[in-house]
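For the numbering used here, count along the sequence shown from 1 and bump the result up by 15.
Note that beta-carbon positions come from the ideal geometry of N, C-alpha and C, so glycine has one too.
Note that this is a predicted model, so its numbers are computed, not measured.
A short worksheet on the structure shown next.
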Amino acid sequence: MTKKYFILHPAVFKLDGGAMFGIIPKPLWSKQIPADELNRIQLSLRVMLIQTATKNILVDTGIGDYHGEKFDDRFGVVGPQNPLVESLQKNFNLRPSDITDLIVTHLHFDHVGGLGHDEQEHLSVFPNATLHIHRQHYDYALHPTMRDAGSFHTQYFKPLIEKADQEGKVHWLTGEQGTILTDGPDSLYFRVSHGHTPFLVHPYDDKFIYMADLVPTSAHISIPWVMGYDISPGITTVNKAEFYRFIIDKNLTMIFEHDMKVWGAKVKPKGEHEFEAAKTYSVSEIDPQKSEVFFE
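Put into structure tokens, the structure is as follows:
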């Protein structure tokens, strides 16, 4: 079986546009993504499914459904009950138990919310999956700063990860780069960035790299366009330049986790210290609920 890549779009949510673009003035960023009456912009909760001869691998899990009506209204969450489970069943006839591996880029609520069924019961959605989580990021997530503590719903993910670890189902990643899993020619690797949150994992192979919140949308490709949510915005700019050189050298396609209209892009240099999209891949060209991706 040839490795297959799918882009899933199980739900959407909204975040403050100013926070999403940091120091970039609204007259500039609003041309890229218009805001609603509360200054929020709509964002995808994009998830990646990779299928090999022996594995069903997920990258991130979206926002989940455990937050409650007040939270969902504040963040404009729109999606079905058990959004990721429904998408997997409807589009691929996959049950949660069929997922063999789950790569967690980082533990912010909109990336790990689909890991469990319920905040109180702490029931894993994917009982057979090996979780691939960065050890240093997990340690940070348990002791974040007051500035970013609200992004980590520790009471939700900590019991789920502890239980999986006790069952021998956590592969702890360490260091700046390495191997996530080895599956013959279908191996997956990772690099980390530190600007958005320490030790954010970026899975990649010879075709793609998952940008997560280092470059959340195509509007964030330009190096100075950095989120106000980032714990170290200056480090983000350094990380972006380093990653772009790596991406160009390896001829990889970036996957955007939060862009509503563009799921991926190639990147190229623009002058001495800047970069831009060489080619973008529009959601309108594919079925966002079952998108098989053919990388060039």
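Is the distance from the Cβ of residue i to the Cβ of residue j below 9 Å?
{"i": "residue 273", "j": "residue 214", "result": "no"}
{"i": "residue 74", "j": "residue 25", "result": "no"}
{"i": "residue 103", "j": "residue 113", "result": "yes"}
{"i": "residue 23", "j": "residue 108", "result": "no"}
{"i": "residue 166", "j": "residue 209", "result": "no"}
{"i": "residue 218", "j": "residue 120", "result": "yes"}
{"i": "residue 60", "j": "residue 91", "result": "no"}
{"i": "residue 252", "j": "residue 239", "result": "yes"}
{"i": "residue 32", "j": "residue 45", "result": "yes"}
{"i": "residue 195", "j": "residue 147", "result": "yes"}
Let me make sure I understand the geometry here. Which of the options has the alpha-carbon closest to that of residue i?
{"i": "residue 174", "options": "138, 228, 90", "result": "138"}
{"i": "residue 34", "options": "20, 25, 19, 50", "result": "50"}
{"i": "residue 202", "options": "65, 120, 110, 97", "result": "65"}
{"i": "residue 152", "options": "19, 207, 30", "result": "207"}
{"i": "residue 286", "options": "241, 237, 275, 155", "result": "237"}
{"i": "residue 254", "options": "81, 116, 290", "result": "290"}
{"i": "residue 312", "options": "80, 85, 288", "result": "Past the edges of the chain, shown from 16 to 311, lies residue 312, and the structure says nothing about it."}
{"i": "residue 242", "options": "30, 20, 282", "result": "30"}
{"i": "residue 277", "options": "283, 158, 48, 17", "result": "48"}
{"i": "residue 2", "options": "85, 89, 171", "result": "Since the first residue of the chain shown is 16 and the last is 311, residue 2 is not available in this structure."}
{"i": "residue 198", "options": "281, 71, 55, 41", "result": "71"}
{"i": "residue 228", "options": "17, 110, 220, 58", "result": "58"}
{"i": "residue 177", "options": "211, 164, 131", "result": "131"}
{"i": "residue 183", "options": "20, 85, 142, 160", "result": "142"}
On the DSSP bridge list, what partners appear for residue i?
{"i": "residue 149", "result": "188"}
{"i": "residue 81", "result": "None, per the DSSP bridge assignment."}
{"i": "residue 291", "result": "283"}
{"i": "residue 296", "result": "279"}
{"i": "residue 268", "result": "223"}
{"i": "residue 139", "result": "131"}
{"i": "residue 116", "result": "72, 145"}
{"i": "residue 66", "result": "19, 71"}
Report the three-state DSSP secondary structure of residue i (helix, strand or coil).
{"i": "residue 57", "result": "strand"}
{"i": "residue 122", "result": "coil"}
{"i": "residue 155", "result": "helix"}
{"i": "residue 35", "result": "helix"}
{"i": "residue 303", "result": "Note on residue 303: pLDDT 47, under 50, position unreliable in the model; the coordinate value appears next. If DSSP states are grouped into helix, strand and coil, residue 303 belongs with coil."}
{"i": "residue 7", "result": "No answer is possible for residue 7: it lies beyond the span of the chain, which begins at 16 and ends at 311."}
{"i": "residue 313", "result": "Here the chain has residues from 16 to 311 only, and residue 313 is not among them."}
{"i": "residue 204", "result": "strand"}
{"i": "residue 11", "result": "Only positions 16 to 311 of the chain appear in this structure, which leaves residue 11 out of reach."}
{"i": "residue 71", "result": "strand"}
{"i": "residue 247", "result": "coil"}
{"i": "residue 196", "result": "strand"}
{"i": "residue 96", "result": "coil"}
{"i": "residue 214", "result": "coil"}
{"i": "residue 21", "result": "strand"}
{"i": "residue 229", "result": "coil"}
{"i": "residue 238", "result": "coil"}
{"i": "residue 176", "result": "helix"}
{"i": "residue 182", "result": "coil"}
{"i": "residue 50", "result": "coil"}
{"i": "residue 160", "result": "coil"}
{"i": "residue 91", "result": "coil"}
{"i": "residue 86", "result": "helix"}
{"i": "residue 167", "result": "coil"}
Is it the case that the CB of residue i approaches a heavy atom of the ligand SAH more closely than 8 Å?
{"i": "residue 57", "result": "Looking at this structure, you won't find the ligand SAH or any other ligand, since it has none at all."}
Query raised in the report: Can we say the segment 175-187 touches the segment 223-239, given the rule of at least three CB pairs closer than 8 Å?
Result: no
Query raised in the report: Is there contact here, the segment 121-128 with the segment 77-92, by at least three beta-carbon pairs under 8 Å?
Result: By the C-beta criterion, the segment 121-128 is judged to be in contact with the segment 77-92, since at least 3 inter-stretch pairs fall below 8 Å.
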